[in-house]
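K.L.:
Okay, here's the structure, questions in a sec.
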Amino acid sequence: MELLAPYRRRIDDLDDQIMELFSQRFEVIREVADLKNEHGIPAILKDRVDEVRERNAATGASKGLDPEFIRKLYTLIIDEACDLEDRLMGNKE
């Protein structure tokens, strides 16, 4: 529908930006995995996981987003990040 086209383009542009940010985030995770591996730090640090999830839930809430949605979203992101770190550190195949 032509009426929705400009909104769809805006959403697509935002999705492209989100993918670029995910790419950057996971590049940092790769760097962190190397550092953790060098220093014998475990891939999963429970306190940090909780801190990241709750910080983002609060930030989302301050921007009008459902904090429970943000917690679920960050659970997925963090799980993938931890899996990547485990693989890079040789803890998983």
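Counting in our numbering, the sequence shown runs from 496 upward without gaps. Think of the CB as a built atom: it goes at the ideal place given N, C-alpha and C, for glycine as much as any other residue.
Express the C-alpha separation of D508 and M496 in angstroms, rounding to a whole number.
P.N.:
Here residue 496 is taken as the residue at index 1 of the sequence shown, counted from 1. Here residue 508 is taken as the residue at index 13 of the sequence shown, counted from 1. Going by the C-alpha atoms only, they are around 18 Å apart.
K.L.:
N551 and I536: beta carbons closer than 8 Å?
P.N.:
On the sequence shown, position 56 is the one that residue 551 refers to. On the sequence shown, position 41 is the one that residue 536 refers to. No; because the gap between Cβ atoms is not below 8 Å, this pair is not in contact.
K.L.:
Does the beta-carbon of Y569 have 16 or more other beta-carbons within 10 angstroms, so that it is buried, or is it exposed?
P.N.:
Here residue 569 refers to the residue found at position 74 of the sequence shown. It is buried - the Cβ of Y569 has at least 16 other Cβ atoms within 10 Å.
K.L.:
Just checking, does the stretch 502 to 516 make contact with the stretch 554 to 564 on the three C-beta pairs under 8 Å criterion?
P.N.:
no
K.L.:
CA-CA distance, L516 and L571?
P.N.:
Translated into positions along the sequence shown, residue 516 becomes position 21. Translated into positions along the sequence shown, residue 571 becomes position 76. Counting only the Cα atoms, L571 lies some 15 Å from L516.
K.L.:
Quick check on the DSSP output: the alpha helix (DSSP H) that includes I506 runs from which residue to which?
P.N.:
Residue mapping note: residue 506 aligns to position 11 of the sequence shown, counting from 1. From DSSP, the alpha helix (DSSP H) with I506 extends over A500 to H534.
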